[in-house]
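A.B. asks: Residue numbers (this note's numbering): 38 to 430.
Here a beta-carbon is modelled for each residue, glycine too, at the ideal position from N, C-alpha and C.
My structure is below; once you've seen it, I'll send some questions.
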Amino acid sequence: MQQAERVVITGVGMISPIGCTKEAFWESLWEGRSGVRPLKLLPEGVLCTSYGGEVLDFQGKAEDFLPVDKEQTKLIRKQLKVMCRESQMGVAAAQRAMADAGLRPGQFDPERIGVCFGSDYMLTMPEDFIEPIRACINAEGQFEFARWALEGMPKLEPLWLLKYLPNMPASHLAIFNDLRGPNNSITQREASAHLAVGEAFEILRRGDAEVMVAGSTGTRLHPMKAIHAFQQEELADGRFSPAEASRPFDRDRAGMVLGEGAGAVVLERLEHARARGARIYAEVLAAASHAVAEPRLLARRDRAIQLVLESLLHRAGLSPDQIGHVHAHGLSTRSCDREEAQAIHAVFGQRSSPVPVVAAKSYFGNLGAGSGLVELIGSLLALVHGQLFATLN
Numbered sequence: 038m039q040q041a042e043r044v045v046i047t048g049v050g051m052i053s054p055i056g057c058t059k060e061a062f063w064e065s066l067w068e069g070r071s072g073v074r075p076l077k078l079l080p081e082g083v084l085c086t087s088y089g090g091e092v093l094d095f096q097g098k099a100e101d102f103l104p105v106d107k108e109q110t111k112l113i114r115k116q117l118k119v120m121c122r123e124s125q126m127g128v129a130a131a132q133r134a135m136a137d138a139g140l141r142p143g144q145f146d147p148e149r150i151g152v153c154f155g156s157d158y159m160l161t162m163p164e165d166f167i168e169p170i171r172a173c174i175n176a177e178g179q180f181e182f183a184r185w186a187l188e189g190m191p192k193l194e195p196l197w198l199l200k201y202l203p204n205m206p207a208s209h210l211a212i213f214n215d216l217r218g219p220n221n222s223i224t225q226r227e228a229s230a231h232l233a234v235g236e237a238f239e240i241l242r243r244g245d246a247e248v249m250v251a252g253s254t255g256t257r258l259h260p261m262k263a264i265h266a267f268q269q270e271e272l273a274d275g276r277f278s279p280a281e282a283s284r285p286f287d288r289d290r291a292g293m294v295l296g297e298g299a300g301a302v303v304l305e306r307l308e309h310a311r312a313r314g315a316r317i318y319a320e321v322l323a324a325a326s327h328a329v330a331e332p333r334l335l336a337r338r339d340r341a342i343q344l345v346l347e348s349l350l351h352r353a354g355l356s357p358d359q360i361g362h363v364h365a366h367g368l369s370t371r372s373c374d375r376e377e378a379q380a381i382h383a384v385f386g387q388r389s390s391p392v393p394v395v396a397a398k399s400y401f402g403n404l405g406a407g408s409g410l411v412e413l414i415g416s417l418l419a420l421v422h423g424q425l426f427a428t429l430n
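Shown next as structure tokens:
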């Protein structure tokens with residue numbers, strides 16, 4: 038049986054509330070600076086909360102995608118109008134990861150580099166439909182659906198749908214950089230990020246590519262998504278200041294904080310990385326995923342997390358005592374944190390010493406599908422610096 042390829046990480050990029058360069062990002066983590074603050078980019082009263090993990094350093098301009106060649110810059114400027122903010126952040130994070138890895142057009146085989154990107158479902162704004170709907174209102178003020186095709190739809194922005202398709206980050210990234218290898222998009226809420234990394238890892242292990250860009254992007258700071266979160270999720274209740282509101286595993290935690298962001302990493306076959314003299318951040322030893330449902334379809338998150346941790350250790354050939362730290366989801370809700378803590382204790386409770394657990398959401402809240410990659414980069418930088426940052430609050 039042929040031995041599976043070894044896979045390493047050679048580039049990182051992020052668009053986050055605590056920094057859009059790895060230097061600024063790590064400095065915020067190490068110095069304990071929260072990115073949760075009163076909202077500035079959204080009009081007052083638009084969301085059901087007045088604070089969140091907002092990316093103030095990202096304006097969605099061509100300059101936010103880092104220096105690229107003239108042709109790429111022209112293409113990015115042209116495509117920005119058909120990219121919603123989530124797509125823009127995701128592509129910008131991936132461009133930064135590729136630059137960090139030293140991968141530029143013309144310096145790699147485009148047939149052997151691919152993309153796997155995670156995202157939330159991207160929601161449009163109601164005002165996009167005001168004029169189309171108004172065109173279908175009769176004299177009595179009633180909407181006539183029969184008029185939609187001929188009178189309503191023509192008033193929609195022609196490329197409206199392209200802004201909100203969840204596969205757009207992967208598509209734009211491939212187009213901008215002429216990446217012709219495997220291309221996939223995953224939409225599994227907050228799990229999307231690590232599922233994208235796992236998929237990219239397996240593609241490389243099979244030998245179907247030399248390099249994969251794995252990323253994720255998401256937001257909860259969107260008027261429609263914030264409404265959904267307010268109705269369906271447990272949100273921080275305002276007892277604490279913005280910087281103290283996200284408090285994973287704390288006794289006084291009262292719900293998650295809304296945020297936005299994106300992250301990306303470059304995964305590469307070890308031999309390929311060595312051949313081109315790439316800097317290596319870490320080796321990826323294994324990936325795993327699990328889902329557990331009881332009768333009546335009741336989710337068992339604690340059991341699912343325990344199983345995925347046990348599978349991961351088994352596939353990596355590691356014991357619990359060999360793990361340097363666990364980077365927890367740490368959503369800051371009562372039930373989710375409790376179930377995650379139970380799973381971590383079930384797997385690591387018999388260690389010779391307690392396993393360090395960190396939760397970067399304490400710095401920026403829930404970035405939706407973007408959280409996992411941004412948090413992964415936090416752990417990678419901790420390995421690089423040989424120091425583990427603290428969980429806030």
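(1) Using the Cα positions of residue 294 and residue 166, report the straight-line distance between them to the nearest angstrom.
(2) Looking only at C-alpha atoms, which of 418, 430, 428, 347 sits nearest to residue 47?
(3) How big is the Cα-Cα spacing for residue 415 and residue 337?
(4) Along the chain, where does the beta strand (DSSP E) that runs through residue 150 open and close?
(5) Pull up the distance between the alpha-carbon of residue 38 and that of residue 366, whole angstroms please.
(6) At the level of alpha carbons, what is the spacing between residue 126 and residue 221?
(7) Helix, strand or coil: how does DSSP classify residue 119 here?
(8) Taking all protein chains shown into account, decide if residue 430 is buried (16 or more other Cβ within 10 angstroms of its Cβ) or exposed.
(9) Closest to residue 191 by C-alpha separation, out of 171, 314, 55, 179, would be which residue?
(10) In whole angstroms, what separates the C-alpha of residue 58 from that of residue 246?
(11) Using a 10 Å radius around the Cβ and a threshold of 16 neighbouring Cβ atoms, would you call residue 83 buried or exposed?
(12) Is it buried or exposed for residue 374, if we count other Cβ within 10 angstroms and need 16 for buried?
(13) Taking Cβ positions, are residue 92 and residue 55 nearer each other than 7 Å?
(14) I need the straight-line Cα distance from residue 201 to residue 159, nearest angstrom please.
(15) Which two residues bound the contiguous alpha helix (DSSP H) that contains residue 205?
(16) For my contact list, residue 180 and residue 174 are in at a C-beta cut-off of 8 Å; report their separation, rounded to the angstrom.
(17) Mapping DSSP to helix, strand and coil, what is residue 38?
(18) Could you spell out the range, first to last residue, of the beta strand (DSSP E) harbouring residue 321?
(19) Could you pull the DSSP bridge partners for residue 53 from this structure?
(20) Let me check one thing: in DSSP terms, what residues is residue 301 bridge-paired to?
(21) List the residues that DSSP assigns as beta-bridge partners of residue 295.
(22) For residue 212, count neighbouring Cβ atoms within 10 angstroms of its own Cβ and tell me buried if that reaches 16, exposed if not.
C.D. replies: Result, derived from the coordinates:
(1) Each residue's Cα considered, the two are about 29 Å apart.
(2) Comparing alpha carbon positions, the residue from 418, 430, 428, 347 closest to residue 47 is 418.
(3) Whole-angstrom Cα-Cα distance: 28 Å.
(4) Its beta strand (DSSP E) spans residues 150 to 156.
(5) Because the pLDDT at residue 38 is just 45, under 50, the model does not fix this residue reliably, and the value given afterwards should be weighed accordingly. Distance between the alpha carbons of residue 38 and residue 366 is about 36 Å.
(6) Distance between the alpha carbons of residue 126 and residue 221 is about 18 Å.
(7) Per DSSP, reduced to three states, the secondary structure at residue 119 is helical.
(8) Of the other Cβ atoms in all chains shown, 16 or more fall within 10 Å of the Cβ of residue 430; this residue is therefore buried.
(9) Nearest C-alpha to residue 191: 171.
(10) So the two alpha carbons sit approximately 27 Å from each other.
(11) By the neighbour-count rule (16 or more Cβ atoms within 10 Å), residue 83 is not buried but exposed.
(12) With 16 or more other Cβ atoms within 10 Å, it is buried.
(13) No.
(14) Going from the Cα of residue 201 to the Cα of residue 159 covers about 5 Å.
(15) Counting along the chain, residue 205 sits inside the alpha helix (DSSP H) bounded by residues 205 to 214.
(16) Rounded to whole angstroms, the Cβ separation of residue 180 and residue 174 is 6 Å, and the two are in contact under 8 Å.
(17) Bear in mind that the predicted position of residue 38 carries a pLDDT of just 45, short of 50, making it unreliable; the figure below should be weighed with that in mind. Residue state, collapsed to three classes: coil.
(18) DSSP places residue 321 inside the beta strand (DSSP E), whose first and last residues are 319 to 321.
(19) According to DSSP, which records beta bridges pairwise, residue 53 is partnered with 56.
(20) Paired residue(s): 50, 252.
(21) Looking at the DSSP assignment, residue 295 forms a beta bridge with 403.
(22) Sixteen is the threshold: since fewer than 16 other Cβ atoms of the shown chains lie within 10 Å of the Cβ of residue 212, the residue is exposed.
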